[in-house]
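Chains A and B, in that order, are what the protein sequence lines are. Residues in the first sequence are numbered from 0 upward in steps of one, following numbering that gives the first Met the number 0. Residues in the second sequence are numbered from 0 upward in steps of one, following numbering that gives the first Met the number 0. The block underneath contains the structure these notes are about, expressed in structure tokens.
There are 2 protein chains.
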Amino acid sequence: MFLWISINHVDDIQRRDANAQDLRHAHPPPRRARGHGPPSACAPHPVPLRFQNPHRPSADPAPSPEPAQVSDIEFATPQEAEQAFYQAFERADLPAMMSVWADLPNTVCIHPLGPRHQGRTQIEASWREILSAGLRLRFTITETQYTQDALLAVHVVQENIQATGESGRRTPILSTNIYQLMDSGWRMILHHASPAPRAAEHGRSPSLH
Amino acid sequence: MFLWISINHVDDIQRRDANAQDLRHAHPPPRRARGHGPPSACAPHPVPLRFQNPHRPSADPAPSPEPAQVSDIEFATPQEAEQAFYQAFERADLPAMMSVWADLPNTVCIHPLGPRHQGRTQIEASWREILSAGLRLRFTITETQYTQDALLAVHVVQENIQATGESGRRTPILSTNIYQLMDSGWRMILHHASPAPRAAEHGRSPSLH
Chain A
0 MFLWISINHV
10 DDIQRRDANA
20 QDLRHAHPPP
30 RRARGHGPPS
40 ACAPHPVPLR
50 FQNPHRPSAD
60 PAPSPEPAQV
70 SDIEFATPQE
80 AEQAFYQAFE
90 RADLPAMMSV
100 WADLPNTVCI
110 HPLGPRHQGR
120 TQIEASWREI
130 LSAGLRLRFT
140 ITETQYTQDA
150 LLAVHVVQEN
160 IQATGESGRR
170 TPILSTNIYQ
180 LMDSGWRMIL
190 HHASPAPRAA
200 EHGRSPSLH
Chain B
0 MFLWISINHV
10 DDIQRRDANA
20 QDLRHAHPPP
30 RRARGHGPPS
40 ACAPHPVPLR
50 FQNPHRPSAD
60 PAPSPEPAQV
70 SDIEFATPQE
80 AEQAFYQAFE
90 RADLPAMMSV
100 WADLPNTVCI
110 HPLGPRHQGR
120 TQIEASWREI
130 LSAGLRLRFT
140 ITETQYTQDA
150 LLAVHVVQEN
160 IQATGESGRR
170 TPILSTNIYQ
180 LMDSGWRMIL
190 HHASPAPRAA
200 EHGRSPSLH
């Protein structure tokens, strides 16, 4: 009745470029789950999906007659929602970012060293501030750890971030991302991010606990 | 078939003292859930449970004939496991702390500003280091946000910490604690903690995202 998977794969989810060509599905999109039943498919080793941003022009020869609305977007898997999250971040696209988030009062977002934002209004304001800062970031996601049941998915990842115009990589970020299956597919309900210590600091005792 | 609850209550879970007298159940213990079926009871406003540490002498007039082993401990609810987690922390009791954690390879522990520890060996080593440092900490847990389905429970809390011998409170810690229902009851599978900014810093832009 319940499906439980726990996956740890260290392969990078490469996000080489943000152009639409690279972001089209490399594999046929899975059937989209609706309702609160068990997901229709949970591959033991899910292939990272490429998310095609409906807010961007498509190179597809058969365009849809009218552009998709943010509220129409469904993410068939937590991985697809996560892909959309980081792509919205890379593109500094606030509507796309907010399309990933569940519109629930229990959503929580904690940016690195930041306070806790709860609920859509606070979370959207925090992303507006971040995404309007003019930085263009590129994410390489590694050390992915997925734990999932029928309605909740817990992803622990390392975000390796490079900013346009900066030579080196930034401090990696450790993130816990949680998704919930809703009528409209999987949506993010929590993003908790914190800076990883640099390699030389790994041996130090944690100072705050 | 699936039970979904989302609870946000800001009432403090008061942990006034770590002595056994205060820690006895103020309410009858709930029936313990076994197996991977839906929990037998999910109160919409769960009463914080007092966890009686089996490693400590009990004032109960009818002691059990032999002391409970760590492996025997079952936590009937995620709240009960969380109570045990913070009490083990307060008591610097490593066996009690590790009794809360699931013995699974996908467990993850990220201490404030610390690296990611994965799996029981790494997690136990990190707690051994912290709990042997000689600090006695007292936790008041506030801003609790619980999201739970049949097999997973996500708790977001604020840890307000006072150390014995220190006059002021430490920097509050924002924690995401995740529990999984196993054959042996609810066990922690993730603890992700990060320092909250001080009140005066709340208006600052997040610097790392």
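In this text, a Cβ means the ideal position worked out from N, Cα and C, and glycines have one as well. These figures come from a predicted structure and were not determined experimentally.
At least three beta-carbon pairs within less than 8 angstroms, the segment 161-179 of chain A to the segment 135-144 of chain B: no
Rounded to whole angstroms, how far is the Cβ of residue 148 of chain A from the Cβ of residue 151 of chain B, which I believe are closer than 8 angstroms? Taking the first residue of the first sequence as position 1, residue 148 of chain A is located at position 149. Taking the first residue of the second sequence as position 1, residue 151 of chain B is located at position 152. Rounded, the Cβ-Cβ distance is 5 angstroms, consistent with contact.
Are the C-beta of residue 191 of chain B and some C-beta of chain A separated by less than 8 angstroms? Along the second sequence, read from residue 1 onward, the residue named residue 191 of chain B stands at position 192. Cβ-Cβ to chain A under 8 angstroms: yes for residue 191 of chain B.
Tell me where the alpha helix (DSSP H) around residue 139 of chain B begins and ends. Within the second sequence, residue 139 of chain B is the residue found at index 140, counting from 1. Here residue 139 of chain B belongs to no alpha helix (DSSP H); instead the beta strand (DSSP E) covers 136-147.
Residue environment, residue 184 of chain B, which counts as buried when at least 16 other CB atoms sit within 10 Å: Position 185 of the second sequence, counted from the first residue, corresponds to residue 184 of chain B. With 16 or more other Cβ atoms within 10 Å, it is buried.
What first and last residue would you give for the beta strand (DSSP E) that runs through residue 192 of chain A? Taking the first residue of the first sequence as position 1, residue 192 of chain A is located at position 193. Per DSSP, residue 192 of chain A belongs to the beta strand (DSSP E) from 184-194.
Who are the neighbours of residue 102 of chain B on chain A, taking C-beta pairs under 7 angstroms? Within the second sequence, residue 102 of chain B is the residue found at index 103, counting from 1. Per Cβ cutoff of 7 angstroms: no residues; residue 102 of chain B is ~13 angstroms from chain A at best.
In chain B, which residues lie less than 8 angstroms from residue 148 of chain A when you measure between Cβ atoms? Here residue 148 of chain A refers to the residue found at position 149 of the first sequence. The answer, in chain order, is 148, 149, 150 and 151.
Are the C-beta of residue 140 of chain A and some C-beta of chain B separated by less than 8 angstroms? What you label residue 140 of chain A is simply residue 141 of the first sequence in a count that begins at 1. Closer than 8 angstroms: no.
Continuous beta strand (DSSP E) stretch holding residue 175 of chain B: start and end: Along the second sequence, read from residue 1 onward, the residue named residue 175 of chain B stands at position 176. From DSSP, the beta strand (DSSP E) with residue 175 of chain B extends over 172-181.
Counting C-beta neighbours from all protein chains within 10 Å, is the total for residue 113 of chain A 16 or more, i.e. buried, or is it exposed? Here residue 113 of chain A refers to the residue found at position 114 of the first sequence. That one is buried.
So, are the CB atoms of residue 181 of chain A and residue 99 of chain A less than 8 angstroms apart? Translated into the one-based positions of the first sequence, residue 181 of chain A becomes position 182. Translated into the one-based positions of the first sequence, residue 99 of chain A becomes position 100. No, they are not a contact pair.
For residue 109 of chain A, three-class secondary structure by DSSP: Sequence index remark: in the first sequence, residue 109 of chain A carries index 110 (1-based). Of the three classes helix, strand and coil, the one that applies to residue 109 of chain A here is strand, per DSSP.
Can you grab the Cα-Cα spacing for the pair residue 163 of chain B / residue 128 of chain A, in whole Å? Within the second sequence, numbered from 1, the residue matching residue 163 of chain B stands at position 164. Within the first sequence, numbered from 1, the residue matching residue 128 of chain A stands at position 129. For residue 163 of chain B and residue 128 of chain A, the distance between alpha carbons rounds to 39 angstroms.
Could you confirm whether any beta carbon from chain C is found closer than 8 angstroms to the beta carbon of residue 167 of chain B? Among the chains of the structure shown, chain C does not appear; the protein chains present are A and B.
Using a Cβ-Cβ cut-off of 6 angstroms (strictly less than) and excluding sequence neighbours within five positions of residue 178 of chain B, which residues of its own chain qualify? For the purposes of this step, residue 178 of chain B is identified with residue 179 of the second sequence, where counting begins at 1. The residues are 77, 80, 152, 185 and 187.
Which of the three DSSP states, helix, strand or coil, is assigned to residue 197 of chain A? What you label residue 197 of chain A is simply residue 198 of the first sequence in a count that begins at 1. Residue 197 of chain A falls in the coil class under three-state DSSP.
Just how far apart, CA to CA, sit residue 145 of chain B and residue 104 of chain A? As a working note, residue 145 of chain B is residue 146 in the second sequence. As a working note, residue 104 of chain A is residue 105 in the first sequence. Their backbone Cα atoms lie some 11 angstroms apart in a straight line.
Give the residues of chain A in contact with residue 195 of chain B, contact being defined as C-beta atoms less than 8 angstroms apart. Locating residue 195 of chain B in the second sequence gives position 196, counting from the first residue. In chain order: 114 and 115.
What are the start and end residues of the beta strand (DSSP E) that includes residue 81 of chain A? As a position in the first sequence, residue 81 of chain A is number 82, starting the count at 1. Counting along the chain, residue 81 of chain A falls outside any beta strand (DSSP E), though it belongs to the alpha helix (DSSP H) covering 77-90.
Using the C-alpha atoms, what's the distance from residue 115 of chain A back to residue 197 of chain A? Locating residue 197 of chain A in the first sequence gives position 198, counting from the first residue. Locating residue 115 of chain A in the first sequence gives position 116, counting from the first residue. Using only the alpha carbons, I get a separation of about 24 angstroms.
Residues that residue 144 of chain A contacts on chain B, provided the C-beta gap is smaller than 8 angstroms: Residue 144 of chain A sits at position 145 when you count from the first residue of the first sequence. Under the 8 angstroms cutoff, chain B gives 105, 107 and 117.
Whole-angstrom Cβ separation of residue 157 of chain A and residue 142 of chain A, contact assumed at under 8 angstroms? Counting from 1 along the first sequence, the entry for residue 157 of chain A is found at position 158. Counting from 1 along the first sequence, the entry for residue 142 of chain A is found at position 143. The pair is a contact, with the Cβ atoms about 4 angstroms apart (cut-off 8 angstroms).
Run through chain A and tell me which residues come within less than 9 angstroms of residue 155 of chain B, C-beta to C-beta. What you label residue 155 of chain B is simply residue 156 of the second sequence in a count that begins at 1. Per Cβ cutoff of 9 angstroms: 105, 107, 109, 115, 117, 189 and 191.
Is residue 125 of chain B buried or exposed, if buried means 16 or more other CB atoms sit within 10 Å of its CB? On the second sequence, residue 125 of chain B is found 126 positions in, with the first residue counted as 1. Residue 125 of chain B should be labelled buried.
Residue 155 of chain A and residue 189 of chain B: beta carbons closer than 8 angstroms? What you label residue 155 of chain A is simply residue 156 of the first sequence in a count that begins at 1. What you label residue 189 of chain B is simply residue 190 of the second sequence in a count that begins at 1. The answer is yes: Cβ separation under 8 angstroms.
In whole angstroms, give me the CA-to-CA distance for residue 194 of chain B and residue 72 of chain A. Walking along the second sequence from the start, residue 194 of chain B turns up at place 195. Walking along the first sequence from the start, residue 72 of chain A turns up at place 73. C-alpha separation (whole angstroms): 34 angstroms.
Three-state secondary structure (DSSP) at residue 72 of chain B? In the second sequence, residue 72 of chain B corresponds to position 73, counting from 1. Residue state, collapsed to three classes: coil.
Where residue 175 of chain B meets chain A, residues with beta-carbon distance less than 7 angstroms: Along the second sequence, one-based indexing puts residue 175 of chain B at 176. The contacting residues are 175, 189 and 191.
Within its chain, find whatever has a CB closer than 6 angstroms to the CB of residue 233 of chain B; leave out the 5 residues flanking it on each side and keep chain order. Here chain B comprises residues numbered 0 to 208, so residue 233 of chain B is not present and cannot be evaluated.
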